[in-house]
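Undergrad:
Protein chains: 2
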Amino acid sequence: MKKIYLDYAATTPVDQRVLEEMKPYFNKDFGNTMSVHSSGRAAKSAIDDARERVAKLMGAKPLRIIFTGSATESNNTVLKGIAFANKDKGNHIITSKIEHDCVLNSARWLEKRGFKVTYLDVDKYGLVDPNDVEKAITDKTILVSIMHANNEIGTIEPIEEIGKICKRKKVYFHTDAAQSFGKIPIDVDKMNLDLVTVNAHKMYGPQGVGALYIREGVKIDPILHGGGHEFGLRSSTSNVPGIVGFGKAAELRMKEMKDEAKKLTKLRDRLIEGVLKIENSRLNGHPTKRLPNNTNFSFSFIEGEALVLHLDMKGVDASTGSACSSKSLEPSHVLTAIGLKHDQAHGSLRLSLGKDTKDKDIDYVLEILPGIVKNLRMISPFKD
Amino acid sequence: MKKIYLDYAATTPVDQRVLEEMKPYFNKDFGNTMSVHSSGRAAKSAIDDARERVAKLMGAKPLRIIFTGSATESNNTVLKGIAFANKDKGNHIITSKIEHDCVLNSARWLEKRGFKVTYLDVDKYGLVDPNDVEKAITDKTILVSIMHANNEIGTIEPIEEIGKICKRKKVYFHTDAAQSFGKIPIDVDKMNLDLVTVNAHKMYGPQGVGALYIREGVKIDPILHGGGHEFGLRSSTSNVPGIVGFGKAAELRMKEMKDEAKKLTKLRDRLIEGVLKIENSRLNGHPTKRLPNNTNFSFSFIEGEALVLHLDMKGVDASTGSACSSKSLEPSHVLTAIGLKHDQAHGSLRLSLGKDTKDKDIDYVLEILPGIVKNLRMISPFKD
Chain R
6 MKKIYLDYAA TTPVDQRVLE EMKPYFNKDF GNTMSVHSSG RAAKSAIDDA
56 RERVAKLMGA KPLRIIFTGS ATESNNTVLK GIAFANKDKG NHIITSKIEH
106 DCVLNSARWL EKRGFKVTYL DVDKYGLVDP NDVEKAITDK TILVSIMHAN
156 NEIGTIEPIE EIGKICKRKK VYFHTDAAQS FGKIPIDVDK MNLDLVTVNA
206 HKMYGPQGVG ALYIREGVKI DPILHGGGHE FGLRSSTSNV PGIVGFGKAA
256 ELRMKEMKDE AKKLTKLRDR LIEGVLKIEN SRLNGHPTKR LPNNTNFSFS
306 FIEGEALVLH LDMKGVDAST GSACSSKSLE PSHVLTAIGL KHDQAHGSLR
356 LSLGKDTKDK DIDYVLEILP GIVKNLRMIS PFKD
Chain Y
6 MKKIYLDYAA TTPVDQRVLE EMKPYFNKDF GNTMSVHSSG RAAKSAIDDA
56 RERVAKLMGA KPLRIIFTGS ATESNNTVLK GIAFANKDKG NHIITSKIEH
106 DCVLNSARWL EKRGFKVTYL DVDKYGLVDP NDVEKAITDK TILVSIMHAN
156 NEIGTIEPIE EIGKICKRKK VYFHTDAAQS FGKIPIDVDK MNLDLVTVNA
206 HKMYGPQGVG ALYIREGVKI DPILHGGGHE FGLRSSTSNV PGIVGFGKAA
256 ELRMKEMKDE AKKLTKLRDR LIEGVLKIEN SRLNGHPTKR LPNNTNFSFS
306 FIEGEALVLH LDMKGVDAST GSACSSKSLE PSHVLTAIGL KHDQAHGSLR
356 LSLGKDTKDK DIDYVLEILP GIVKNLRMIS PFKD
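As they're listed, the protein sequences go chains R and Y.
One point on numbering: in this note's numbering, the residue at position 293 of the first sequence is 298, and numbering is uninterrupted.
One point on numbering: in this note's numbering, the residue at position 164 of the second sequence is 169, and numbering is uninterrupted.
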């Protein structure tokens with residue numbers, strides 16, 4: 006059977022060039038970066054090279070990057086680490102209702118420990134209004150955390166405007182760029198970012214590696230205590246092959262991001278145009294301020310889960326909600342935040358594109374999807 | 006130049022059979038374990054197989070294992086997760102003075118948040134006395150955390166006896182088995198273990214993957230909040246290739262551990278016998294209750310760092326203190342806990358063996374080490 010992967014937003018295949026660069030570090034040039042002997046020094050030098058490459062892709066200084074185990078860990082570190090380190094200054098955090106669960110659940114955890122959190126509304130496209138950020142800032146605010154691009158609906162937030170406000174108000178500004186890093190440009194200085202979460206496995210690097218940019222002077226506590234790796238901010242033996250892979254992936258993105266974005270935007274827009282011909286369908290997220298590889302649709306009267314399973318039977322990997330919440334029965338918090346009713350939110354489909362997506366894949370989806378939707382609606386209990 | 010790796014306690018090369026098993030999951034059978042489509046289900050199934058293999062090596066039920074990013078993360082989860090989840094029951098934790106930094110630093114972090122910690126002394130071999138554990142337990146004690154085997158000096162603790170006491174006193178018992186897993190037997194039921202920390206990269210599996218055994222009914226909070234992976238106890242997209250590698254490594258250890266231990270014990274004892282012929286040298290740790298692959302020596306009047314660098318120049322990778330603290334100027338807390346004076350603790354050398362260690366490697370070390378020690382002593386400012 007034909008096999009078409011359209012779930013790049015959940016995870017990506019590792020680029021073969023990335024894998025080749027990782028290989029020696031598994032059992033030839035292996036070592037513990039904390040060891041002083043030559044194998045240790047070689048491992049250390051390899052992760053320093055990776056640090057430089059990852060830093061470069063966001064216009065940062067290499068020494069301001071720490072490697073973590075995932076974007077989830079980076080986001081947990083930001084929320085909790087900033088809260089604990091700055092509680093003498095204030096106890097208020099601002100975020101939005103459409104952040105990833107790891108931001109929202111870290112925020113909720115902090116609320117139980119005496120911190121106050123403002124969860125900003127978004128508009129029908131999922132956009133945060135910078136004015137809302139400004140209005141929410143008080144003299145107790147220690148952190149603003151707004152994602153760069155949403156993982157479900159692909160909406161790109163006005164990070165640069167929010168960054169200006171935070172700089173003026175002297176509040177730390179964090180963005181979760183897990184979905185956008187390597188897909189659209191990001192620049193820590195231009196955007197006034199103090200903290201940036203990124204990871205490898207959404208940009209053709211390996212799973213199990215994330216990173217966190219921390220601007221010089223930002224007060225933050227670690228959440229993993231131990232041997233003092235990563236400048237004391239993230240203890241754990243460094244995952245050398247993983248970090249090397251992240252570095253290579255970042256280097257490749259630096260060169261290839263622009264052309265890929267151009268190609269994917271075309272494919273994306275063709276997919277959107279075709280899918281919207283299905284009656285009672287809608288596009289979730291912004292028509293243009295969206296990631297080049299993201300599409301997200303709602304189809305009235307049917308369940309997203311059923312859609313995904315029927316596409317799966319035809320060889321297409323897709324997702325409903327986000328991968329992270331796809332096994333929960335709750336409708337997506339992102340889709341409800343942009344105003345979708347529960348049944349519309351349940352009938353959502355995310356098709357996310359990537360480097361191997363071809364014109365004929367889009368043709369195929371446009372060929373089979375209308376029939377699947379039609380069949381599911383015929384048996385739908387929701388359609389009066 | 007001859008190249009001899011004798012730092013297996015810091016990190017091990019990935020077994021080629023492990024790497025082969027990991028490979029397809031990087032970019033052929035890749036997927037997000039939370040996705041409902043076939044690629045997601047295949048990834049999920051792969052980590053479930055790994056869960057079974059890792060569980061088996063400690064006699065546990067697969068569903069009681071969660072995967073983490075490292076032993077450091079597992080230990081942080083235990084200390085903080087048990088403390089936060091059981092604070093209504095009590096605020097007292099018992100551990101030892103020779104635990105890994107990630108246990109000790111998590112404990113110190115908890116002390117700043119209202120918890121009380123007892124750091125038990127050890128004897129001259131590094132052994133914790135089970136009677137001391139019993140005496141230290143109060144009605145406020147919520148956790149006893151004693152490592153299975155020490156990472157620096159290889160001493161194997163009387164875990165089974167301590168487990169009996171904790172069971173009788175109804176206190177959760179955790180062991181950090183990062184150094185022992187796959188080297189000596191461990192059985193969660195026989196040893197009455199409620200929580201066990203393990204990782205892959207010390208047993209020929211990949212870096213960046215750990216696991217935590219949690220007995221049914223144990224109340225524990227996650228430290229990474231997010232999408233609810235690993236039964237809600239460790240959010241983050243699963244590192245599928247890494248976890249698959251951990252599973253394969255565990256399966257191989259199951260078959261090969263016994264024979265390797267026999268082989269390494271012989272090599273270890275020959276190394277110890279030979280090194281102790283050097284005057285003013287001593288073995289740190291217990292002569293027999295020690296890991297099959299661990300040796301740790303002190304040489305009066307010289308610096309361990311200098312020893313390691315001179316061995317490095319002759320092609321031998323060794324370590325002083327533990328890898329995790331080898332860049333700090335403090336003498337090892339383990340060596341000071343067993344009664345070594347600062348200068349003795351500074352002059353320590355750990356040579357740790359592994360699957361590729363051969364008789365001729367031991368010959369070579371025994372051939373060059375006496376000369377290196379002699380030369381360093383000739384220029385030593387410490388010698389009278």
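For each residue, glycine too, the CB sits at the ideal point set by N, CA and C.
Remember, it's a predicted structure, so these values are computed and weren't measured experimentally.
With DSSP as the reference, label residue 161/R as helix, strand or coil.
TA: Strand at residue 161/R.
Undergrad: Quick one: what does DSSP say residue 179/R is sitting in, helix, strand or coil?
TA: Strand.
Undergrad: Can you list, in chain order, the stretches of the beta strand (DSSP E) that have 3 or more residues and sit fully within the stretch 128-158 of chain Y?
TA: If we require 3 residues or more, the beta strand (DSSP E) runs fully inside the stretch 128-158 of chain Y come out as 146-150.
Undergrad: Give the secondary structure of residue 399/R by DSSP, where H, G and I count as helix, E and B as strand, and everything else as coil.
TA: Nothing can be reported for residue 399/R: it is not among the residues displayed for chain R, which extend from 6 to 389.
Undergrad: What residue range does the alpha helix (DSSP H) around residue 380/R cover?
TA: Note, residue 380/R: alpha helix (DSSP H), 364-383.
Undergrad: I believe residue 140/R touches residue 124/R by the beta-carbon criterion, under 8 Å. Please report the beta-carbon distance rounded to the nearest angstrom.
TA: So it is not a contact: roughly 14 Å between Cβ atoms.
Undergrad: Counting pairs of Cβ atoms below 8 Å between the stretch 307-315 of chain Y and the stretch 263-276 of chain Y, do you hit three or more?
TA: Output reads no: the stretch 263-276 of chain Y does not touch the stretch 307-315 of chain Y.
Undergrad: How many angstroms separate the CA atom of residue 244/R from the CA atom of residue 210/Y?
TA: Whole-angstrom Cα-Cα distance: 11 Å.
Undergrad: So the beta strand (DSSP E) residue 354/R belongs to, where does it begin and stop?
TA: Where residue 354/R is concerned, the enclosing beta strand (DSSP E) stretches over 353-357.
Undergrad: Quick check on DSSP: helix, strand or coil for residue 38/R?
TA: Of the three classes helix, strand and coil, the one that applies to residue 38/R here is coil, per DSSP.
Undergrad: With 7 Å as the limit, tell me which residues of the stretch 228-241 of chain Y have their beta carbon closer than that to any beta carbon of chain R; keep them in chain order.
TA: For the stretch 228-241 of chain Y, which is checked against every Cβ of chain R, the residues closer than 7 Å are 228, 229, 230, 231, 232, 240, 241.
Undergrad: How many Å lie between residue 326/Y and residue 364/R at the Cα?
TA: Their Cα atoms are separated by approximately 58 Å.
Undergrad: Does the CB of residue 107/Y have a neighbour CB from chain R at under 7 Å?
TA: Residue 107/Y counts as touching chain R.
Undergrad: Contact between the stretch 162-181 of chain R and the stretch 365-373 of chain R: three or more CB pairs below 8 Å?
TA: In short, these stretches do not touch, since the Cβ pair count stays below three.
Undergrad: Using a C-beta to C-beta distance shorter than 7 Å, which residues of chain Y count as neighbours of residue 206/R?
TA: The answer, in chain order, is 242.
Undergrad: For the beta strand (DSSP E) containing residue 125/R, name the first residue and the last one.
TA: Counting along the chain, the beta strand (DSSP E) containing residue 125/R begins and ends at 121-125.
Undergrad: When DSSP builds the beta bridges, which residues end up paired with residue 216/Y?
TA: Note: residue 216/Y sits in a beta bridge opposite 72/Y, 203/Y.
Undergrad: What does DSSP give as the partner residue(s) for residue 300/Y in the beta ladder?
TA: Beta-bridge pairing links residue 300/Y to 356/Y.
Undergrad: Keeping to the same chain, check which residues put their C-beta closer than 6 Å to that of residue 232/R; ignore five residues upstream and five downstream.
TA: 240.
Undergrad: I'd like the list of long-range same chain contacts for residue 163/Y, defined as Cβ closer than 6 Å, with 5 residues on each side in sequence excluded.
TA: For residue 163/Y, where only same-chain residues beyond five positions count, the Cβ hits under 6 Å are 135.
Undergrad: Starting from the Cα of residue 130/Y, find the closest Cα among 151/Y, 7/Y, 160/Y and give me that residue.
TA: Looking at the Cα atoms, 160/Y is the closest of the given residues.
Undergrad: Excluding five sequence neighbours on each side, which residues of the same chain lie with their C-beta closer than 6 Å to the C-beta of residue 367/R?
TA: Answer for residue 367/R: 272, 275, 276, listed in chain order.
Undergrad: Hey, how far is the Cα of residue 206/R from the Cα of residue 189/R?
TA: The straight-line gap from Cα to Cα measures roughly 16 Å.
Undergrad: Assuming residue 109/Y contacts residue 98/Y under a Cβ cut-off of 8 Å, what Cβ separation, rounded to an integer in Å, is found between them?
TA: That pair is no contact at about 11 Å.
Undergrad: According to DSSP, is residue 97/R helix, strand or coil?
TA: Looking at residue 97/R - three-state DSSP - the assignment turns out to be strand.
Undergrad: Got a sec? Which residues, its chain only, sit under 7 Å from residue 112/R by beta carbon, not counting five neighbours each side?
TA: Cβ within range, chain order: 84, 98, 100, 122.
Undergrad: Would DSSP call residue 87/Y helix, strand or coil?
TA: In the structure shown, residue 87/Y sits in a helix (DSSP, three-state: H, G or I).
Undergrad: For chain Y, check one thing: does any of its Cβ atoms lie closer than 7 Å to the Cβ of residue 315/R?
TA: No, no contact with chain Y.
Undergrad: Under a CB-based cut-off of 7 Å, is residue 67/Y close to chain R?
TA: Taking Cβ atoms only, chain R never reaches closer than 7 Å to residue 67/Y, which makes this a no.
Undergrad: Within 7 Å of any Cβ in chain R, is that where the Cβ of residue 31/Y sits?
TA: It does: the Cβ of residue 31/Y has a partner Cβ on chain R nearer than 7 Å.
Undergrad: Does any residue of chain Y bring its CB to less than 7 Å from the CB of residue 42/R?
TA: Yes, because at least one Cβ of chain Y sits closer than 7 Å to the Cβ of residue 42/R.
Undergrad: Helix or strand or just coil, what does DSSP make of residue 31/R?
TA: Note: residue 31/R maps to helix in three-state DSSP.
Undergrad: Give me whichever residues DSSP pairs with residue 167/Y in a beta bridge.
TA: Residue 167/Y pairs with nothing; no bridge assigned.
Undergrad: Taking buried to mean at least 16 other C-beta atoms within 10 Å of its own C-beta, is residue 259/R buried or exposed?
TA: So residue 259/R ends up on the exposed side.
Undergrad: Of all the CB atoms in chain R, is at least one closer than 7 Å to the CB of residue 342/Y?
TA: It does not: the Cβ of residue 342/Y has no partner Cβ on chain R nearer than 7 Å.
Undergrad: Do residue 71/Y and residue 217/Y count as a contact pair if the criterion is CB distance below 7 Å?
TA: Yes, the pair counts as a contact, with Cβ atoms nearer than the cut-off.
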